[in-house]
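Below is one structure, written out as structure tokens, with a few remarks after it.
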Amino acid sequence: MPSTDPAGRRGYDASGRRAAARRTRAAVLGACRELLLTEGYRATTIRAVAARAEVSPEMVYKAYRGKAGLMKALWDSTLAGDDEPVPMSERAALRQVWAEPDAHEKLRGYAAFVCGVHQRTAALFSLLSEAGAEVAEVLAETERERLVGVTAFTGHLAERGLLRAGTDPARAADGVWALTGPHVYDRLTGARQWPASEYRQWLARTLAADLLP
Numbered sequence: 011m012p013s014t015d016p017a018g019r020r021g022y023d024a025s026g027r028r029a030a031a032r033r034t035r036a037a038v039l040g041a042c043r044e045l046l047l048t049e050g051y052r053a054t055t056i057r058a059v060a061a062r063a064e065v066s067p068e069m070v071y072k073a074y075r076g077k078a079g080l081m082k083a084l085w086d087s088t089l090a091g092d093d094e095p096v097p098m099s100e101r102a103a104l105r106q107v108w109a110e111p112d113a114h115e116k117l118r119g120y121a122a123f124v125c126g127v128h129q130r131t132a133a134l135f136s137l138l139s140e141a142g143a144e145v146a147e148v149l150a151e152t153e154r155e156r157l158v159g160v161t162a163f164t165g166h167l168a169e170r171g172l173l174r175a176g177t178d179p180a181r182a183a184d185g186v187w188a189l190t191g192p193h194v195y196d197r198l199t200g201a202r203q204w205p206a207s208e209y210r211q212w213l214a215r216t217l218a219a220d221l222l223p
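The sequence shown runs 11 to 223 under our numbering.
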């Protein structure tokens, strides 16, 4: 007779289910991105995304709680460049910035990080900015999150004694938040047709002039 001892039971392996869920998320977000870029925001309905991803609309609603939640998830994965559950502050690019001892090199690394983020999100930002009130809160939330990240960076500079004497870290954070915003990137690389490399160099110089002794 087979043993009924619980200790003899094989542990449940959830890795297959997690992998399947991850593939489903990738399919949904990929479908959402494709629809946005090819057909625009209005045509990117939950039903259309579900059909393209070959899942049920109910699954998309359950996972993202509606279209705004889906747009936020798409933004987050585009911002990071993947769907790994790793906070931006713990990503390799920012860990390198944090570890860099030289102030000017640190700002150049931070400018490169910011530029990379904008290169990934620029098209999505433009589309969502034109979507109106329906996604206004999504964009507002992304800006609040960006301010948190910028504040952590200027706080790091203050802790290392790298800010110019007398600089208020909170005001410094406000200035960096404004300088590194998506609208500035869009105007310089779009309207003024700067290459990304020129934007990156300008941002590093401007941050250094504003923050360092």
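Every residue, glycine too, gets a C-beta built ideally from N, C-alpha and C. Nothing here was measured: the structure is a model prediction, and the numbers come from that model.
Sort the options by Cα distance to residue i and report the nearest one.
i, options, result
"A188", "A103, G159, E94, K72", "G159"
"V186", "L167, T88, S139, L134", "L167"
"L134", "R202, L39, S25", "L39"
"P192", "T161, A162, E147, V124", "V124"
"T177", "L221, R32, W85", "L221"
"S139", "G50, G26, A36, A24", "G50"
"L172", "T55, H114, K72", "H114"
"R75", "I56, E64, D92, D86", "I56"
"E147", "H128, A73, G79, T34", "G79"
"L45", "G91, A109, M81", "M81"
Let me know if residue i comes out buried or exposed under the rule of 16 or more other beta-carbons within 10 Å of its beta-carbon.
i, result
"A53", "exposed"
"L47", "exposed"
"K77", "buried"
"S13", "Low confidence applies here, because S13 scores a pLDDT of 47, under 50, leaving its location unreliable and the question unanswered by this model."
"A31", "exposed"
"A180", "exposed"
"S87", "buried"
"G119", "buried"
"S25", "exposed"
"G18", "Confidence is the limiting factor: at G18 the pLDDT is only 48, short of 50, which leaves the residue's position unreliable, though a coordinate-based value still follows. By the neighbour-count rule (16 or more Cβ atoms within 10 Å), G18 is not buried but exposed."
"A201", "exposed"
"A150", "exposed"
Just to confirm before moving on: does the CB-CB distance between residue i and residue j stay below 8 Å?
i, j, result
"A121", "A214", "yes"
"A29", "A63", "no"
"T164", "A183", "yes"
"L117", "A206", "no"
"A83", "M69", "no"
"A162", "S99", "yes"
"R130", "L104", "no"
"R27", "D93", "no"
"R174", "P223", "yes"
"Y195", "H128", "yes"
Is there at least one non-hydrogen atom of the ligand ADP closer than 7 Å to the beta-carbon of residue i?
i, result
"L213", "Ligands in the displayed structure: none, and consequently the ligand ADP is not present."
Closer than 8 Å, CB to CB, is residue i near chain C or not?
i, result
"T48", "Of the protein chains in the structure, only one exists, and it is not chain C."
Which whole runs of the alpha helix (DSSP H) in the stretch 16 to 94 are 4 residues long or more, in chain order? 25 to 49, 56 to 63, 67 to 74, 77 to 90
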